[in-house]
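In UniProt numbering, the protein residues as written are 1 to 382.
Don't be surprised by glycine CBs; every beta carbon is placed ideally from N, CA and C.
See structure below.
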């Protein structure tokens, strides 16, 4: 068990003092790390730390994500007392725990050689993806994760690969329409070819420049969606939304959405805050009738996310982990992707392990109390 469990009391007292309980702080060590890493992520992006707001009292009906295909909410008095069916033998044998943590990895520029703290080199990206493949992770999209549509083989673990700012190192096409091999998409596809079962997908949060594709922007976005990648909204100009009023927030998001729809004919399903900066009212970024309606919103850090089936999961403030190696100069020695993947490898019981059936949610009996009521009818235990 991680040593930081010993400071659980301190974490809780801090949360009470602040008047905010950070999403997913049910594990004391992760709650403490979240508080420190929020500040670290803010400093890294050159802005003041932003504390996620509390969940809104109600969710706009049109933006509610669908449940897994055959799952229906219990929602009836006394439903929690209904016996939960036994897990399938294969799920139990795989050690399924679909309330475990999921790494949602956040990447920025991908370059031949990293230049800034948020950059990753092509070699570093390939190394991290190869590690994920070896350790049994299977990529899913941000939209699938936010909506709880997780279809991963039994015994394996979902991971969400997100790339912010739509820079040229993420994706490009040659003159014949083939993906450039040294971009993030090219590397993801190559790792998938070398590791059967490693699904070649990722989510790209778009700003106005659109990978530097210029007049080929429509061609490029359609290539991505046709090949199983997700495109998503990250505003037109990448402003700090915490400094804007309602009209400014909505214009940045809606104008980007309008451009994506004009180029692809499709709306996006998720949104990521530039700099992780939350506007004064979260509802401004969630939905505007006729222009955008998201299923989930992602922050800029700072820890693996709770399972979407966990009662503490907040789809309007989904946490991510910055991709970076362990370094002494900042909190990445314990907070970034390499450190967190090391910890999940050392403590495999903390990570999401699939039961192989997207229509059920299998958890060990001791974890059943954390299951969100809407998924009670899908629950299986062992």
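### Query
Counting Cβ pairs closer than 8 Å, one from the segment 143 to 154 and one from the segment 335 to 349, do we hit at least three?
no
### Task
Evaluate residue 27 with the Cβ neighbour count: other Cβ atoms within 10 Å of its Cβ, from every protein chain shown; 16 or more gives buried, anything less gives exposed.
Taking the first residue of the chain shown as 1, we reach residue 27 at position 27. Since pLDDT at residue 27 reaches only 40, below the 50 mark, its modelled position is unreliable, and no value is offered.
### Query
For residue 296, which beta-bridge partners are listed by DSSP?
As a position in the chain shown, residue 296 is number 296, starting the count at 1. Per DSSP, 270.
### Task
Flag this pair as yes or no: are the beta carbons of residue 298 and residue 285 separated by less than 8 Å?
Within the chain shown, the letter at position 298 stands for residue 298. Within the chain shown, the letter at position 285 stands for residue 285. It is not a contact, given that the beta carbons lie outside the stated cut-off.
### Task
Name the one or two DSSP bridge partners that residue 158 has.
If you number the chain shown from 1, residue 158 lands on position 158. Answer is 138.
### Message
Going by C-alpha to C-alpha distance, which of 303, 249 and 280 sits closest to residue 292?
### Response
As a position in the chain shown, residue 292 is number 292, starting the count at 1. Cα-wise, what sits closest to residue 292 is 249.
### Query
What is the rounded straight-line gap between the Cα of residue 96 and the Cα of residue 380?
Sequence index remark: in the chain shown, residue 96 carries index 96 (1-based). Sequence index remark: in the chain shown, residue 380 carries index 380 (1-based). Using only the alpha carbons, I get a separation of about 10 Å.
#### Entry: residue 327 (DSSP reduced to helix, strand or coil)
On the chain shown, residue 327 is found 327 positions in, with the first residue counted as 1. Residue 327 falls in the coil class under three-state DSSP.
### Query
What is the rounded straight-line gap between the Cα of residue 22 and the Cα of residue 310?
Here residue 22 refers to the residue found at position 22 of the chain shown. Here residue 310 refers to the residue found at position 310 of the chain shown. With a pLDDT of 38 at residue 22, under the threshold of 50, the modelled position of that residue is not reliable, and the figure given next carries that caveat. Straight-line Cα distance between these residues: approximately 14 Å.
### Query
By the 10 Å Cβ neighbour count, where 16 or more other Cβ atoms means buried, how is residue 282 classified, buried or exposed?
Along the chain shown, read from residue 1 onward, the residue named residue 282 stands at position 282. Buried.
### Task
Could you tell me how far apart the beta carbons of residue 229 and residue 211 are, in whole angstroms, since I believe they sit closer than 8 Å?
Along the chain shown, one-based indexing puts residue 229 at 229. Along the chain shown, one-based indexing puts residue 211 at 211. In this structure residue 229 is not in contact with residue 211, their Cβ atoms being roughly 12 Å apart against a cut-off of 8 Å.
### Query
Can you check whether the CB of residue 161 is closer than 8 Å to the CB of residue 218?
Counted from its first residue, the chain shown places residue 218 at position 218. Counted from its first residue, the chain shown places residue 161 at position 161. Taking 8 Å as the Cβ cut-off, residue 218 and residue 161 do not qualify as a contacting pair.
### Query
If we ignore side chains and look at the alpha-carbon of each, how far apart do residue 251 and residue 234 end up?
For the purposes of this step, residue 251 is taken as residue 251 along the chain shown, with counting starting at 1. For the purposes of this step, residue 234 is taken as residue 234 along the chain shown, with counting starting at 1. Here the alpha carbon of residue 251 sits roughly 12 Å from the alpha carbon of residue 234.
### Message
Less than 8 Å between the C-beta atoms of residue 138 and residue 304, yes or no?
### Response
On the chain shown, residue 138 is found 138 positions in, with the first residue counted as 1. On the chain shown, residue 304 is found 304 positions in, with the first residue counted as 1. The beta carbons of residue 138 and residue 304 sit no closer together than 8 Å.
### Query
Can you tell me whether DSSP reads residue 171 as helix, strand or coil?
As a working note, residue 171 is residue 171 in the chain shown. If DSSP states are grouped into helix, strand and coil, residue 171 belongs with coil.
### Length of the line joining the Cα atoms of residue 377 and residue 89
Walking along the chain shown from the start, residue 377 turns up at place 377. Walking along the chain shown from the start, residue 89 turns up at place 89. Roughly 19 Å separates the two Cα atoms.
### Message
Let me confirm a value: residue 371 is counted as buried when at least 16 other C-beta atoms fall within 10 Å, else exposed. Which label applies?
### Response
Locating residue 371 in the chain shown gives position 371, where the first residue counts as 1. Flag for residue 371 reads buried.
### Where residue 199 falls: helix, strand or coil (DSSP)
Taking the chain shown and counting its residues from 1, the one referred to as residue 199 is at position 199. DSSP places residue 199 in the coil class of the three-state scheme, outside both helix and strand.
### CA nearest to the CA of residue 196, picked from 179, 334 and 136
In the chain shown, counting from the first residue as 1, residue 196 sits at position 196. Comparing Cα-Cα distances from residue 196 to each of 179, 334 and 136, the minimum goes to 136.
### Task
Could you spell out where the alpha helix (DSSP H) holding residue 250 opens and where it closes?
On the chain shown, residue 250 is found 250 positions in, with the first residue counted as 1. 246 to 264 is the span of the alpha helix (DSSP H), which, as asked, contains residue 250.
### Message
Could you tell me the alpha carbon to alpha carbon distance between residue 9 and residue 317, rounded to whole angstroms?
### Response
As a position in the chain shown, residue 9 is number 9, starting the count at 1. As a position in the chain shown, residue 317 is number 317, starting the count at 1. Per-residue confidence for residue 9 stands at a pLDDT of 34, beneath the threshold of 50, marking its modelled position as unreliable; no derived number is given.
### Query
Is the CB-CB distance between residue 256 and residue 164 below 8 Å?
Here residue 256 is taken as the residue at index 256 of the chain shown, counted from 1. Here residue 164 is taken as the residue at index 164 of the chain shown, counted from 1. No.
### Query
When we look at the beta-carbon of residue 241 and count the other beta-carbons within 10 Å, is it buried (16 or more) or exposed?
Residue mapping note: residue 241 aligns to position 241 of the chain shown, counting from 1. When all chains shown are included, residue 241 counts as buried.
### Query
Just to confirm, are residue 382 and residue 92 a CB contact at a threshold of 8 Å?
Here residue 382 refers to the residue found at position 382 when the chain shown is read from its first residue. Here residue 92 refers to the residue found at position 92 when the chain shown is read from its first residue. When the beta-carbon positions are compared, residue 382 and residue 92 come within less than 8 Å of each other.
### Message
Bridge partners for residue 205 per DSSP, in chain order?
### Response
To locate residue 205, count along the chain shown from 1; it is residue 205. Paired residues: 164 and 232.
### For residue 371, three-class secondary structure by DSSP
Numbered from its first residue, the chain shown carries residue 371 at position 371. Strand.
### Task
Tell me whether residue 178 is buried or exposed, calling it buried when 16 or more other Cβ atoms sit within 10 Å of its Cβ.
As a working mapping, residue 178 is identified with position 178 in the chain shown. The residue is exposed, with fewer than 16 neighbouring Cβ atoms inside 10 Å.
### Message
Going by C-alpha to C-alpha distance, which of 192, 223 and 151 sits closest to residue 172?
### Response
Start at 1 with the first residue of the chain shown, and residue 172 comes out as number 172. Nearest of 192, 223 and 151 to residue 172, Cα basis: 223.
### Query
Do residue 341 and residue 126 have their CB atoms nearer than 8 Å?
One-based indexing of the chain shown puts residue 341 at position 341. One-based indexing of the chain shown puts residue 126 at position 126. In this structure, residue 126 does not lie closer than 8 Å to residue 341 by Cβ.
### Query
Which class does residue 179 belong to by DSSP, given the choice of helix, strand or coil?
As a first step, residue 179 must be located in the chain shown, where it is residue number 179. In the structure shown, residue 179 sits in a strand (DSSP, three-state: E or B).
### Assumed close pair residue 116, residue 187 - CB separation to whole angstroms, cut-off 8 Å
The residue labelled residue 116 in the question sits at position 116 within the chain shown. The residue labelled residue 187 in the question sits at position 187 within the chain shown. In fact, because the Cβ distance is near 19 Å, the residues do not count as touching under 8 Å.
### Distance, residue 215 Cα to residue 121 Cα
Here residue 121 is taken as the residue at index 121 of the chain shown, counted from 1. Here residue 215 is taken as the residue at index 215 of the chain shown, counted from 1. Rounded to the nearest angstrom, the two C-alpha atoms are 27 Å apart.
### Task
Out of 314, 119, 302 and 306, point me to the one whose CA is closest to residue 339's CA.
Residue 339 sits at position 339 when you count from the first residue of the chain shown. The shortest Cα separation from residue 339 among 314, 119, 302 and 306 belongs to 302.
### Query
According to DSSP, is residue 129 helix, strand or coil?
Here residue 129 refers to the residue found at position 129 when the chain shown is read from its first residue. Residue 129 falls in the helix class under three-state DSSP.
### Task
Give the straight-line distance between the Cα atoms of residue 153 and residue 289, rounded to the nearest whole angstrom.
Position 153 of the chain shown, counted from the first residue, corresponds to residue 153. Position 289 of the chain shown, counted from the first residue, corresponds to residue 289. Rounded to the nearest angstrom, the two C-alpha atoms are 37 Å apart.
### Message
Can you tell me whether residue 107 is helix, strand or coil according to DSSP?
### Response
Taking the first residue of the chain shown as 1, we reach residue 107 at position 107. It is a strand residue.
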